[in-house]
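Numbering (our numbering), first residue to last: -1 to 424. Notes follow once the structure below has been shown.
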Amino acid sequence: TRDRNYALADWNGRNFYLIDTGGLVPYSHDRMEQAIARQVAAAMDESDLLLFLVDRKTGLTDVDRHIAQLVRKRGKPCLLAANKVDSARDEAEAYEFLKLGLGEPQLIAAGPGRNIGDFLDALVAALPDSREQPAAADAIGVAIMGKPNVGKSSLVNAITGQQRVIVDSVPGTTRDAVDTVFDWQGRRYILIDTAGLRRKAKVRDDLEFYTALRTERSLERAQVGVLVLDASDTLSHLDMTLAAMLDNANTAVVVVVNKWDLKDDDNKANYTGRLREQLPFMQFAEIIFTAAIRGEGTPHLLQAVTEAYNSWRRQLEPRAVDAAFEAAVQKYSPPAKRGKPIELYSITQVAAMPPKFEVLTNEPKQVPYNYYRYLLNSLYQRLAVKGTPLRIYFKKSKQPKGWRARQMVAHGEKPRYRTRKDQPDE
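As structure tokens, then:
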């Protein structure tokens, strides 16, 4: 663990955030360990209760004494826990930590779960009552994705206005998915700064595999996926892979072109046009240009994220959906398959998050993919949907009564009825 890793927890009806920090190495001259120390200090500053975990097997160390001094300087409530106390025989050894002056330690063994219930009872009892309970259920989860070194962490810092994530010029400095909770214009957001995904050929050890897995899991927790691209670099195969992951994740999508301040030989319209051609399956996504290191473009990004989220949850007006569908089908009908016409009867929105539509047809398995894409793009354009994918599913159905007559009227033809019973009511 190198950054602050947040997790929302619940015990006995009490919600609280846990902040996992990196291992503290006092007086280190290593650049990364110094950055970790700053993250630990920031976590201590923003916490209401400090949880100091010590190792029974290692015993009391100088590092433990140093951390105890840091804890006392903060003047905040502290819960001391001695881990790896696997049996009653180990308990006597754990009491040497009383020398730290932080009270009697909670004796636990995290691996097998020994005494964890009692420990959580003590933790909840030590929490202050005045702090408002975190409402993560109402928050918009935003997964920030991109290949290594495109500026994801800088983007998080620009949005939140603080150094919440270690920013380093070395690719891959964010190993975990790190959650940042903040409020903007009356809404709560959770930014999930995912670890940079590398090519599979480079996933040679457990750390890189874990990083890729965390990226995928971050998408599972998000409602909006933000794909960050590097304006100073060409669109790579890895960028396309990430875009495909987003497309399969069923989240709302915003595309961010970062480091735009380094791009002086292009304009936004030309760049947007080329990007639309390279990512044809993301025509619905809004493209935002940023220079995260300068803090430029972040308000537009948050606005785009909010609009995408609202569209993602939206139940569209049925009349508008029907009109868009009928206009698309009247303009171009699906081609016949082996001499048999493919008839599309109706469309109905059956779900949201993202909006999903069911189209009734006589040949659901014969609708060509290029016609599916045409119908999808027509709905995007005619319904003015931004930021969210639409999903269309074809379902087999018999021809509805009166459908043929309505189609003839729509094409300017006079319908012929077999019997008076088939005529529509006037």
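By construction, the Cβ of each residue, glycine as well, lies at the ideal position given by its N, Cα and C atoms. These numbers were taken from a predicted model, which means no experiment stands behind them.
Pairwise C-alpha distance: residue j and residue i
{"i": "L16", "j": "L121", "result": "11 Å"}
{"i": "R2", "j": "A90", "result": "33 Å"}
{"i": "K82", "j": "N10", "result": "25 Å"}
{"i": "P110", "j": "P297", "result": "47 Å"}
{"i": "T209", "j": "D84", "result": "Any answer about T209 is weak, because its pLDDT of 45 lies below 50 and its placement is not dependable; what the coordinates show is given next. Roughly 31 Å separates the two Cα atoms."}
{"i": "S344", "j": "A322", "result": "11 Å"}
{"i": "Q183", "j": "R336", "result": "56 Å"}
{"i": "V251", "j": "Y367", "result": "22 Å"}
{"i": "P333", "j": "E315", "result": "29 Å"}
{"i": "T304", "j": "K393", "result": "33 Å"}
{"i": "A242", "j": "R54", "result": "47 Å"}
{"i": "Q131", "j": "G73", "result": "Bear in mind that a pLDDT of 43 at Q131, under 50, signals an unreliable position, so the number given afterwards is only what the model happens to contain. Distance between the alpha carbons of Q131 and G73: 23 Å."}
{"i": "N360", "j": "G159", "result": "55 Å"}
{"i": "S309", "j": "K266", "result": "24 Å"}
{"i": "I65", "j": "L227", "result": "40 Å"}
{"i": "D245", "j": "V357", "result": "21 Å"}
{"i": "Y372", "j": "S216", "result": "31 Å"}
{"i": "Y4", "j": "D177", "result": "5 Å"}
{"i": "I429", "j": "K399", "result": "The question about residue 429 has no answer, for the chain in this structure spans -1 to 424."}
{"i": "A382", "j": "D320", "result": "14 Å"}
{"i": "Q347", "j": "R317", "result": "11 Å"}
{"i": "L236", "j": "G115", "result": "44 Å"}
{"i": "A289", "j": "G295", "result": "7 Å"}
Residue closest to residue i, alpha-carbon to alpha-carbon, out of the options
{"i": "A283", "options": "A334, F117, A302", "result": "A302"}
{"i": "N113", "options": "A79, K335, A137", "result": "A79"}
{"i": "A156", "options": "A137, F180, D136, Q281", "result": "F180"}
{"i": "R219", "options": "A229, L233, I190, Q276", "result": "I190"}
{"i": "F279", "options": "Y25, R389, V222, I286", "result": "R389"}
{"i": "R432", "options": "L153, R185, M42, K261", "result": "Outside the shown range of the chain (-1 to 424) lies residue 432, about which nothing can therefore be said."}
{"i": "E341", "options": "F355, K363, R185", "result": "K363"}
Paired residues, beta bridge with residue i - DSSP
{"i": "K338", "result": "K335"}
{"i": "K394", "result": "T359"}
{"i": "G139", "result": "I188"}
{"i": "V52", "result": "A80"}
{"i": "T178", "result": "L189"}
{"i": "A349", "result": "K354"}
{"i": "W310", "result": "Per DSSP, none; premise fails for W310."}
{"i": "F287", "result": "V255"}
{"i": "N3", "result": "D18"}
Assumed close pair residue i, residue j - CB separation to whole angstroms, cut-off 8 Å
{"i": "P353", "j": "N248", "result": "No, P353 and N248 are not in contact; Cβ-Cβ is about 11 Å, not under 8 Å."}
{"i": "F117", "j": "L58", "result": "With a Cβ gap of about 20 Å, F117 and L58 do not count as contacting."}
{"i": "V224", "j": "I138", "result": "The Cβ separation is near 11 Å, so there is no contact."}
{"i": "V61", "j": "P24", "result": "6 Å"}
{"i": "L47", "j": "A124", "result": "5 Å"}
{"i": "S230", "j": "L260", "result": "5 Å"}
Min CB distance residue i to chain B below 8 Å
{"i": "P353", "result": "No chain B is present in this structure, which holds just one protein chain."}
* Cβ pair count under 8 Å reaching 3, the stretch 318 to 333 against the stretch 363 to 383 -> The answer is yes - the stretch 363 to 383 touches the stretch 318 to 333, with three or more Cβ pairs under 8 Å.
* Asked: Looking at C-beta atoms only, is the number of pairs between the stretch 21 to 34 and the stretch 134 to 143 that lie closer than 8 Å three or more?
  -> Counting Cβ pairs under 8 Å, fewer than three are found: no touch.
* the stretch 148 to 157 contacting the stretch 248 to 258, beta-carbon criterion three pairs below 8 Å -> Yes: the two stretches touch, three or more of their Cβ pairs being nearer than 8 Å.
* Any contact of the stretch 63 to 80 with the stretch 88 to 103, i.e. 3+ C-beta pairs under 8 Å? -> Flag = yes, the stretch 63 to 80 and the stretch 88 to 103 touch.
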